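Q: Numbering (the numbering used here) for the sequence shown: 12 to 167.
Structure below; questions to follow.
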Amino acid sequence: PCWPHGDELKRTLQRAGFDTFMEGIGRDVAREKGAHADVEFRLSSIFFPPLEFAAIEKITEHALRGRPHLYVFLFATEPSKQGQGLGSIGMRAALSIADERGVPTVLETMTRTNVRIYEHLGFVVAGQIEVDGCEDPWFAMIREPPIPTAGEAGLV
């Protein structure tokens, strides 16, 4: 992570182990009183700088105009497994859910390299912000669901 105190996130993930981190995503910290509560609380407070995250979120909200959508909060491939197509498989699974529901898919990314990967999957950049300490801007990206053909829409 390039933002101030982002290195704390990396150390927290290393101490907790990536699997432990993934198990904690989506848990309600108020209910969780076990070993993961401290890790989850610290992650929520340092995961993203609040002002910058609010700014990128505002771009997404403006582009969506209140429409329902599928939000990809966190998506990553273990570095030793990158380049094997596993990320594409996972993202295509998420996109298929959004397409079935006829809603756009939204995500943020923090590297130009990721922008090119997501553009390959049909995402477009809705906007970007500069973040102190980061080499690349942060990007808000949206992928609209495909428009059904006449046959798919039952008009044949």
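Positions of the beta carbon are idealized from the N, C-alpha and C atoms, including for glycine.
Bear in mind that the values here come from a model prediction, so they are computed numbers and not experimental data.
With Ile-140 as the anchor, note down where its alpha helix (DSSP H) starts and where it stops.
A: Within the sequence shown, the letter at position 129 stands for residue 140. No alpha helix (DSSP H) holds Ile-140; the beta strand (DSSP E) holding it covers 135-140.
Q: DSSP on Ser-56, reduced to helix/strand/coil?
A: Translated into positions along the sequence shown, residue 56 becomes position 45. Note that Ser-56 scores 46 on pLDDT, short of 50, meaning its location in the model is unreliable and no value can be drawn from it.
Q: Kindly indicate the opening and closing residues of the alpha helix (DSSP H) around Leu-85.
A: Within the sequence shown, residue 85 is the residue found at index 74, counting from 1. Counting along the chain, Leu-85 falls outside any alpha helix (DSSP H), and DSSP gives it neither H nor E.
Q: Within 10 angstroms of its Cβ, does His-131 collect 16 or more other Cβ (buried), or is it exposed?
A: To locate residue 131, count along the sequence shown from 1; it is residue 120. Exposed, because fewer than 16 other Cβ atoms sit within 10 Å of the Cβ of His-131.
Q: Below 7 Å CB to CB, which residues in the same chain sit around Ala-4 once its five sequence neighbours on both sides are set aside?
A: Because the chain here runs from 12 to 167, residue 4 falls outside it and cannot be looked at.
Q: Whole angstroms are fine: how far does the CA of Thr-120 sit from the CA of Val-126?
A: Residue 126 sits at position 115 when you count from the first residue of the sequence shown. Residue 120 sits at position 109 when you count from the first residue of the sequence shown. Distance between the alpha carbons of Val-126 and Thr-120: 7 Å.
Q: Could you tell me which residues DSSP pairs with Val-117 in its beta bridges?
A: Residue numbering aside, residue 117 sits at position 106 when the sequence shown is read from its first letter. Bridge partners of Val-117: Tyr-82, Ile-153.
Q: Grab me the residues of Val-83's own chain with a C-beta within less than 8 Å of its C-beta, minus the 5 sequence neighbours each way, in chain order.
A: For the purposes of this step, residue 83 is taken as the residue at position 72 of the sequence shown. Met-102, Ala-105, Thr-116, Val-117, Leu-118, listed in sequence order.
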